[in-house]
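Taking it in order: structure first as structure tokens, then the write-up.
There are 2 protein chains.
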Amino acid sequence: MGRSMSRLTAERLQELYAGTLQLVADHGYDNVTMDQVAEATRSSKATLYRQWGSKSALVVEALQCVGGTDLDLPDTGSLRGDFLAMVDRKEGQEHDADMLAAIMHAVRDDKELAEAVRGKILEPGRDRIREVVARAVERGEVAADCPGLVFVDYVFIAPIVLHHLLEGEEPSPDFLRRYIDGALLPALGLH
Amino acid sequence: MGRSMSRLTAERLQELYAGTLQLVADHGYDNVTMDQVAEATRSSKATLYRQWGSKSALVVEALQCVGGTDLDLPDTGSLRGDFLAMVDRKEGQEHDADMLAAIMHAVRDDKELAEAVRGKILEPGRDRIREVVARAVERGEVAADCPGLVFVDYVFIAPIVLHHLLEGEEPSPDFLRRYIDGALLPALGLH
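Top line first, the protein sequences correspond to chains A and B. Heads up: the first sequence begins at 573 in our numbering, then just goes up one per residue. Heads up: the second sequence begins at 573 in our numbering, then just goes up one per residue.
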């Protein structure tokens, strides 16, 4: 696909991604058509298909952009500092859970979307968590044979995905910070 | 609502609940109509409405029944034993994650469903986890001031909800058992 990204400014692209994800969060991935995306983002359907090729490619790229997996990893010198920096970046992303719920549902029926979401968003996100923890092991902060190492991504992601389901609202930055100290670090043997 | 449950045998009820949840897992809560439920479960729509009053009431009761929140709590004498007993009961519930994904998506748009799911399924489930942990605190197994106590439900639920999203399949009983030892008990200060 010979993309011509240069035609869209970074600002326009952000706007287009945000509009796409808002539609997915509101109506569910399955129910959103490229016509609706075109209308909501004031684009032409031809442009959307030329640029992204398919709805799944557009949504995955939008999620990648919003997910921030392209940001530099924090390196504060302590695992606690790195985890805090990672969740602080999540502040203001109010629709995280909406989109996640919509995507979780959609990937169950759509193998192409599922593979793209896993390969381009979930795996890179898990790699970032593992990388930060691997550095803590290198520093001797976490034991190399700590049994929690293989589960750290599950424990890290849990409050981000589950808080809305359990409490009816996004987790506050304060909740996430307390969770890091009360559950995530202890799961790695740090108290 | 004057129910006449006696008309349906326990077996027939199980079958009806299973058929309803299968539809929800396959098509999403929003997309399932009472007509479809009636057809799939070989019931009349009039019977369904007389018995449950609404789609949300039917689905919530089906989830309650399948979720097993009415089962006796295990009391093995150790927290590890109780947790193991709780996840072992999950074996064979292959569609857990499908339904959960469908329900997570649906509750975001439907306040009535959201309240029913939280009040009748999620809260009782969290209470069960907390009850098992409270007993461990009474026994002196877990410190009463352990900071992980308030987050134990998140850490417990994480692999059940997230495994399918992250790995594309339900967690195996063996994975859940290793998670209990590697992440859940350590988050409560037990190693």
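Note that the Cβ used here is the ideal one computed from N, Cα and C, for glycine as well. Treat the numbers as computed from the prediction; the structure is a model and nothing was measured.
Determine the chain B residues that contact residue i at a beta-carbon separation under 7 Å, and present them in chain order.
i: Pro731/A; result: Tyr726
i: Arg700/A; result: The contacting residues do not exist; Arg700/A stays about 14 Å from chain B at best.
For residue i, report the span of its alpha helix (DSSP H) as first-last.
i: Ile693/A; result: Where Ile693/A is concerned, there is no enclosing alpha helix (DSSP H), given that its DSSP letter is neither H nor E.
i: Asp660/A; result: Leu651 to Asp660
i: His599/B; result: Ala582 to His599
i: Val604/B; result: First-last for Val604/B: undefined, no H or E at that position.
i: Phe728/B; result: Val724 to Glu739
Once the 5 residues before and after residue i are set aside, which same chain residues still bring their CB inside 8 Å of it?
i: Val724/A; result: Ile701, Arg702, Val705, Leu756, Ala759 and Leu760
i: Leu593/B; result: Val631, Ala634, Leu635, Val638, His667 and Met671
i: Arg652/A; result: Ile752, Asp753, Leu757 and Leu762
i: Ser628/A; result: Asp682, Glu684, Leu685 and Ala688
i: Leu721/A; result: Val705, Val709, Val714 and Leu760
i: Ser615/A; result: Leu588 and Val609
i: Leu643/B; result: Arg661
Return the chain-ordered list of same chain residues with a C-beta closer than 7 Å to the C-beta of residue i, the five sequence neighbours on each side being excluded.
i: Trp624/A; result: Leu630 and Glu633
i: Ala686/A; result: Val679
i: Leu672/A; result: Val733
i: Ala612/A; result: Gly591 and Leu595
i: Lys692/B; result: Val632 and Gln636
i: Thr648/B; result: Asp654 and Ala657
i: Gln608/B; result: Leu595
i: Leu620/A; result: Met606, Val609, Ala610 and Leu630
i: Ala708/A; result: Leu651 and Val714
i: Lys617/B; result: Met606, Asp607 and Ala610
i: Phe728/B; result: Ile701 and Leu756
Classify residue i as helix, strand or coil using the three-state DSSP reduction.
i: Ala716/A; result: coil
i: Arg680/B; result: coil
i: Ser615/A; result: coil
i: Asp753/A; result: helix
i: Arg711/A; result: coil
i: Leu672/B; result: helix
i: Asp746/A; result: helix
i: Pro758/B; result: helix
i: Leu643/B; result: coil
i: Ser626/A; result: coil
Since residue i meets chain B, which of its residues come closer than 9 Å, beta carbon to beta carbon?
i: Val596/A; result: Neighbours of Val596/A on chain B: none; closest Cβ ~11 Å, over 9 Å.
i: Arg707/A; result: In chain order: nothing, as chain B lies at least about 20 Å away.
Going along the chain, which residues of its own chain have a beta-carbon closer than 6 Å to the beta-carbon of residue i, five neighbours each way excluded?
i: Tyr601/A; result: Ala674 and Ala678
i: Met676/A; result: none
i: Val659/A; result: Leu748
i: Asp598/A; result: none
i: Val604/A; result: Leu595 and Val596
i: Arg698/B; result: Asp725
i: Gly740/B; result: none
Whose Cβ in chain A lies nearer than 7 Å to the Cβ of residue i?
i: Val722/B; result: Gly754
i: Val674/B; result: Residue identity differs from the one stated: residue 674/B is Ala in this sequence, not Val. Those within 7 Å of Ala674/B in chain A are His677.
Residue i touches chain B at which residues, Cβ-Cβ below 8 Å?
i: Tyr751/A; result: Phe723 and Tyr726
i: Leu734/A; result: Tyr726, Ile729, Ala730 and Val733
i: Ala629/A; result: Per Cβ cutoff of 8 Å: no residues; Ala629/A is ~20 Å from chain B at best.
At a CB-CB cut-off below 8 Å, which residues of chain A make contact with residue i?
i: Pro758/B; result: Pro719, Gly720, Pro758, Ala759, Leu760 and Gly761
i: Gly600/B; result: Gly600, Asp602 and His677
i: Ala686/B; result: Gly740
i: Gln622/B; result: Per the sequence shown, residue 622/B should be read as Arg rather than Gln. Going along chain A, no residue has its Cβ under 8 Å from Arg622/B, so there is no contact; the nearest lies around 31 Å.
i: Arg690/B; result: Leu738 and Gly740
Could you work out which residues of chain A lie near residue i, taking near to mean beta carbons separated by less than 9 Å?
i: Leu694/B; result: Leu737 and Leu738
Query raised in the report: Taking three-plus beta-carbon pairs below 8 Å as touching, is the stretch 730–749 of chain B in contact with the stretch 708–716 of chain B?
Result: No: the two stretches stay apart, fewer than three of their Cβ pairs being nearer than 8 Å.
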